[in-house]
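Under this note's numbering, the first residue of the sequence shown is numbered 5, with each subsequent residue one higher.
Note that the Cβ used here is the ideal one computed from N, Cα and C, for glycine as well.
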Amino acid sequence: MDSIKLGFVIAEFNRDITYMMEKVAEEHAKFLNAEVKYKIIVPGAFDMPIAIKRLLEKDDIDAVVTIGCVIEGDTEHDEIVVQNAARKIADLSLDYNKPVALGISGPGMTRLQAEERIEYGKRAVEAAVKMVKRLNELE
Numbered sequence: 005m006d007s008i009k010l011g012f013v014i015a016e017f018n019r020d021i022t023y024m025m026e027k028v029a030e031e032h033a034k035f036l037n038a039e040v041k042y043k044i045i046v047p048g049a050f051d052m053p054i055a056i057k058r059l060l061e062k063d064d065i066d067a068v069v070t071i072g073c074v075i076e077g078d079t080e081h082d083e084i085v086v087q088n089a090a091r092k093i094a095d096l097s098l099d100y101n102k103p104v105a106l107g108i109s110g111p112g113m114t115r116l117q118a119e120e121r122i123e124y125g126k127r128a129v130e131a132a133v134k135m136v137k138r139l140n141e142l143e
């Protein structure tokens with residue numbers, strides 16, 4: 005099987021953390037012999053679905069990995085952002101019949117907790133690669 009081709013959609017919000025998540029994810033993709041073909045940086049997790057859709061439309065993409073970090077604020081905004089993004093991300097995966105891995109940490113976490121969850125980037129790559137392989141086994 006050729007290497008699995010991934011697209012990354014990365015949130016710019018909390019970029020100090022999402023940058024570290026991105027680097028961990030890239031390293032893990034290399035380790036798994038997957039190729040990161042495209043990277044799109046969007047303002048935040050809520051903005052991800054349209055970028056994910058564009059990547060899923062490409063013939064040379066097997067799966068998309070999302071990388072984001074939503075830190076708790078004074079309101080419930082963080083919960084609304086993640087719930088809506090996650091729902092649309094799942095819908096896009098089903099609409100395009102390609103895996104979209106949820107590498108968004110939060111909601112309801114502090115900055116310190118976010119820093120402790122840098123590995124979410126790695127876990128999302130792992131999930132995307134596993135799903136592509138397992139779905140290909142069904143063909």
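Judging by CA-CA distance, which residue of Leu139, Ile56, Asp78 and Asp6 is the nearest neighbour of Thr114?
Asp78
Taking only three categories from DSSP, how would you classify Glu143?
coil
Minimum C-alpha distance to Glu81 - residue among Gly112, Val69, Tyr100 and Gly11
Rather than Glu, the amino acid found at residue 81 in this sequence is His. Of Gly112, Val69, Tyr100 and Gly11, the residue nearest in Cα terms is Gly112.
Look up Leu65 in the DSSP assignment and say whether it is helix, strand or coil.
Looking at the sequence provided, one finds Ile at residue 65 rather than Leu. Coil, per DSSP.
What number of angstroms, rounded off, separates the C-alpha of Glu123 from the C-alpha of Met25?
7 Å
Cβ neighbours of Ala128 in the same chain (closer than 6 Å, five flanking residues each side left out):
Val69, Ala105 and Gly107
Below 8 Å, how does it come out for the segment 28-42 and the segment 87-104: are there three or more Cβ pairs, yes or no?
no
Give me whichever residues DSSP pairs with Lys43 in a beta bridge.
Phe12
Cutting at 7 Å between CB atoms, please list the residues of its own chain near Glu130, excluding the five before and the five after it.
His32
Leu60 to Leu116 span [Cα, whole Å]
33 Å
Around the C-beta of Glu56, are 16 or more other C-beta atoms found within 10 angstroms, so that it is buried, or is it exposed?
Strictly speaking, residue 56 in this sequence is Ile, with Glu absent from that position. Buried.
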